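Novice: Numbered according to the numbering used here, the sequence shown spans residues 456 to 583.
This is the structure I want to talk about, given as structure tokens.
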Amino acid sequence: MRTHRYKKQTAGSGVFLGISAVVSRPPTTPAVGAPVSDRVWLAASAVDHAFYGNRLALDAHELGWLRHGLATTAADIERVETCPFVLVEVRALEIVEARYRPTALAAAIAGWAAEEFGLPPRPWAGGA
């Protein structure tokens, strides 16, 4: 399991969000999750709060940001992975509630994917 910590500091505020996820390469259509591209799938139904250990119930808005962030790297993942499917399962989030912005989920998972799949890092321009 890899953990990526997204941090952005501006003059007026800051955002911090950590994401831990695992990748598997099933030979057939994944039994869990949903596709973000033809071969890259995302599962985020069993996500723990890394600081408190309790299970998080991500809402549709948060899941949408995770899908969006992973989708920004999906074409690159498909270029480096030759397996039929790639399943990214989000296992934990490090959330500081006072500074939490759901949009940071997209930047965090895109950063995680760049590290996990050896993709070049990119500055995030998604608004988080």
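Beta carbons are placed, not taken as given, at the ideal position from N, Cα and C, and that holds for glycine.
Being a predicted model, the structure only gives us computed values, none of them experimental.
Is residue 513 helix, strand or coil when you go by DSSP?
Specialist: Taking the sequence shown and counting its residues from 1, the one referred to as residue 513 is at position 58. Looking at residue 513 - three-state DSSP - the assignment turns out to be coil, as it is neither helix nor strand.
Novice: Pop quiz: residue 488 and residue 497 are said to be a contact at Cβ under 8 angstroms. What is the actual Cβ separation, rounded to whole angstroms?
Specialist: Here residue 488 refers to the residue found at position 33 of the sequence shown. Here residue 497 refers to the residue found at position 42 of the sequence shown. Contact flag correct, Cβ pair sits at about 5 angstroms.
Novice: Can you list, in chain order, the residues of its chain with a C-beta nearer than 6 angstroms to that of residue 504? Leave out the 5 residues immediately preceding and following it.
Specialist: To locate residue 504, count along the sequence shown from 1; it is residue 49. Excluding positions up to five away in sequence, the list reads 511.
Novice: For residue 572, I'd like the list of residues in its chain whose CB is within less than 6 angstroms of its CB, leaving aside the five on either flank, ordered along the chain.
Specialist: On the sequence shown, residue 572 is found 117 positions in, with the first residue counted as 1. Closer than 6 angstroms at Cβ, skipping near neighbours: 532 and 535.
Novice: Residue 552: buried (16+ other C-beta within 10 angstroms of its C-beta) or exposed?
Specialist: Counted from its first residue, the sequence shown places residue 552 at position 97. Looking at its Cβ environment, which holds fewer than 16 other Cβ atoms inside 10 Å, residue 552 is exposed.
Novice: Tell me the rounded alpha-carbon separation between residue 482 and residue 472.
Specialist: Residue numbering aside, residue 482 sits at position 27 when the sequence shown is read from its first letter. Residue numbering aside, residue 472 sits at position 17 when the sequence shown is read from its first letter. Answer to the nearest angstrom: the Cα atoms are 32 angstroms apart.
Novice: Considering Cα atoms alone, identify which of 575, 557, 565 and 569 is closest to residue 470.
Specialist: Position 15 of the sequence shown, counted from the first residue, corresponds to residue 470. Checking every option, the nearest Cα to that of residue 470 belongs to 557.
Novice: Report the rounded CA-to-CA distance for residue 574 versus residue 513, giving the unit in angstroms.
Specialist: Here residue 574 is taken as the residue at index 119 of the sequence shown, counted from 1. Here residue 513 is taken as the residue at index 58 of the sequence shown, counted from 1. Taking the straight line from one Cα to the other gives about 27 angstroms.
Novice: List the whole-angstrom C-beta distance separating residue 506 from residue 549, where the pair is believed to meet the contact cut-off of C-beta under 8 angstroms.
Specialist: In the sequence shown, the residue the question calls residue 506 occupies position 51. In the sequence shown, the residue the question calls residue 549 occupies position 94. The pair is a contact, with the Cβ atoms about 6 angstroms apart (cut-off 8 angstroms).
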